[in-house]
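Engineer: Mind looking over this structure? Questions follow.
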Amino acid sequence: MSQLLVGQGVCRYFGGLKAVDQVDFHLDEGEILGLIGPNGAGKTTLFSVAAGSIPATKGTVWLEGKQVSGRSAYRSVHLGIARTHQIVRPFARLTVLDNVLVGHYYGRPQATTGAAQDRAMEILDFIGLADRAGRLPGELTLAGRKRLEVARALATGPKVLLLDEVIAGLNPVESRRVVQLIQQIRDRGLAIIVIEHVMQALMSLSDRVMVLDHGRKLAEGKPEEVANDPAVIEAYLGREED
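Residues in the sequence shown are numbered consecutively from 10, following the working numbering.
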């Protein structure tokens, strides 16, 4: 498999705080990469740099050999990177369908109305929200709003999908359904990076796992390798004598 998204020496500093510090990463075609780490480890900041939401202080991110770091977020979307957010952010006064249409037009500014409507409904059907297309987001459950967030990202037509805690806060049944959905999205040809604190779900999903701690890459490898890494265990649980 070839590398689709690559970051080299990525840093993001906020004043004296090194939120992300010299992180190298890659995402292969058709891969699900799990990104984990304690609170404040720099996971969402790395996401934001990769998505173009915030600029890197140093380092570079490429998508299919094209530099995406240093561009604005909408240009990153047009190149093929879409993301969700920890806190779901639907347009409250727009219907579920219109929320997805916003994503479609954002990713394809020249799209025709008919094609956009058809594609938006196709995505809602795939995501399991077609029967709620005319509802407002506030009428959905948390699980429904998280699915809507994913649907809006998919509507931009990404090659890389960045999912930030789409399972957190869901009950076990809802969590299993979202895990299945993520696998189905990958089966459609997308490469995915997932941030998640629900370890069982993330480990079952991921082909490879990368661990951040205090902004630096602590470990990387197969899920079972990372789960048994002493440095990772220490980062989450502390030293035994502590």
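Yeah, the Cβ is synthetic: ideal placement off N, Cα and C, and Gly gets one too.
Quick caveat: nothing in here was measured; it's all calculated off a predicted structure.
Output needed for K226: all residues of its chain with C-beta closer than 6 Å, excluding positions within five of it in sequence on either side, in chain order.
Structural biologist: Reading the sequence shown from its first residue, position 217 is the one you call residue 226. Setting aside the 5 residues that flank it on each side, K226 is surrounded in the same chain by V32, each with a C-beta closer than 6 Å to its C-beta; the list follows chain order.
Engineer: What residues in its chain sit with their C-beta under 7 Å from that of H206, if we drop five residues either side in the sequence?
Structural biologist: Indexing the sequence shown from 1 puts residue 206 at position 197. Around H206: E174, A177.
Engineer: At 3 residues or longer, what runs of the beta strand (DSSP E) sit wholly inside the segment 152 to 228?
Structural biologist: 169 to 173, 200 to 204, 217 to 222
Engineer: In chain order, what residues of the same chain have a beta carbon less than 7 Å from the beta carbon of A228, not counting five sequence neighbours either side?
Structural biologist: As a first step, residue 228 is located in the sequence shown; it is residue number 219 there, counting from the start. Closer than 7 Å at the Cβ level, and outside the excluded window around A228, lie V220, V235, D238, A240, V241.
Engineer: If you reduce the DSSP assignment to three classes, tell me which class A101 lands in.
Structural biologist: Here residue 101 is taken as the residue at index 92 of the sequence shown, counted from 1. Of the three classes helix, strand and coil, the one that applies to A101 here is coil, per DSSP.
Engineer: To the nearest angstrom, how far is it from the Cα of C20 to the Cα of L151?
Structural biologist: Here residue 20 refers to the residue found at position 11 of the sequence shown. Here residue 151 refers to the residue found at position 142 of the sequence shown. Cα-Cα distance, rounded: 33 Å.
Engineer: According to DSSP, which residues form a beta bridge with L42?
Structural biologist: What you label residue 42 is simply residue 33 of the sequence shown in a count that begins at 1. I202, R217, per the DSSP bridge assignment.
Engineer: Just the C-alpha distance for V111 and E243, rounded to the nearest angstrom, thanks.
Structural biologist: Translated into positions along the sequence shown, residue 111 becomes position 102. Translated into positions along the sequence shown, residue 243 becomes position 234. Using only the alpha carbons, I get a separation of about 43 Å.
Engineer: With distances taken Cα to Cα, identify the nearest neighbour of Q82 among G230, L211, L190, A162.
Structural biologist: For the purposes of this step, residue 82 is taken as residue 73 along the sequence shown, with counting starting at 1. It is worth fixing the name first, because residue 82 is Ala in this sequence and not Gln. If we check each option's Cα against that of A82, A162 comes out closest.
Engineer: Mapping the DSSP letters down to three states, classify H35 as helix, strand or coil.
Structural biologist: Translated into the one-based positions of the sequence shown, residue 35 becomes position 26. DSSP places H35 in strand when its eight states are reduced to three.
Engineer: Could you have a look at I136 and say whether DSSP puts it in helix, strand or coil?
Structural biologist: As a position in the sequence shown, residue 136 is number 127, starting the count at 1. Three-state DSSP puts I136 in a helix.
Engineer: Whose C-beta lies closer than 7 Å to the C-beta of R80 among residues of the same chain, with five residues either side of it excluded?
Structural biologist: Here residue 80 is taken as the residue at index 71 of the sequence shown, counted from 1. The residues are G61.
Engineer: What are the residues that DSSP puts in a beta bridge with T69?
Structural biologist: Position 60 of the sequence shown, counted from the first residue, corresponds to residue 69. T69 is bridged to Q17.
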